[in-house]
Amino acid sequence: HYTWHNVTESSRITTKHAFATLSFVAEIFIFLYVGMDALDIEKWRFVSDSPGTSVAASSVLLGLILVGRAAFVFPLSFLSNLAKKSSSDKITFREQVIIWWAGLM
Numbered sequence: 085h086y087t088w089h090n091v092t093e094s095s096r097i098t099t100k101h102a103f104a105t106l107s108f109v110a111e112i113f114i115f116l117y118v119g120m121d122a123l124d125i126e127k128w129r130f131v132s133d134s135p136g137t138s139v140a141a142s143s144v145l146l147g148l149i150l151v152g153r154a155a156f157v158f159p160l161s162f163l164s165n166l167a168k169k170s171s172s173d174k175i176t177f178r179e180q181v182i183i184w185w186a187g188l189m
């Protein structure tokens, strides 16, 4: 970050594209891993033995994720709004709900 202003414009562009490419490749590996993990036969056998447990665990995890997002998004949005002078720059409650639901922070 501190060297960004000390490099040439072409180096900035190259660095930006290199990190964007690395980010894209890392994302591909994550999705490939998740996709291959979903095809694991042993995990599907366990799920077919106890579908109620699987649904309950998934519901609890989804609830925890939503509560965790809310605990993160709404207080930080409130603090951000306190720091902004103009009301047009403030994050509205509707926008906060969208950020919370989409997990954008």
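Just so you know, we're using this note's numbering here: the sequence shown kicks off at 85 and counts up by one. Using N, Cα and C, we set each Cβ at its ideal position, and we do this for glycine too.
Coil, strand or helix - residue i by DSSP
{"i": "residue 173", "result": "coil"}
{"i": "residue 136", "result": "helix"}
{"i": "residue 187", "result": "coil"}
{"i": "residue 144", "result": "helix"}
{"i": "residue 117", "result": "helix"}
{"i": "residue 92", "result": "coil"}
{"i": "residue 87", "result": "coil"}
{"i": "residue 123", "result": "coil"}
{"i": "residue 168", "result": "coil"}
Cα-Cα separation, residue i to residue j
{"i": "residue 173", "j": "residue 134", "result": "50 Å"}
{"i": "residue 89", "j": "residue 171", "result": "32 Å"}
{"i": "residue 136", "j": "residue 128", "result": "14 Å"}
{"i": "residue 138", "j": "residue 115", "result": "22 Å"}
{"i": "residue 154", "j": "residue 97", "result": "36 Å"}
{"i": "residue 103", "j": "residue 183", "result": "25 Å"}
Outcome for residue i when other beta-carbon atoms lying within 10 angstroms are tallied against a minimum of 16
{"i": "residue 161", "result": "buried"}
Closest residue to residue i among the options (Cα-Cα distance)
{"i": "residue 179", "options": "167, 163, 158", "result": "158"}
{"i": "residue 175", "options": "96, 127, 165, 139", "result": "165"}
{"i": "residue 186", "options": "150, 96, 155", "result": "150"}
{"i": "residue 190", "options": "91, 156, 140", "result": "Nothing can be reported for residue 190, as the shown portion of the chain is limited to 85 through 189."}
Mind the definition here: the segment 112 to 122 touches the segment 135 to 149 only if three or more C-beta pairs lie below 8 Å; say whether that holds. The segment 112 to 122, when compared against the segment 135 to 149, does not touch it at the 8 Å Cβ threshold.
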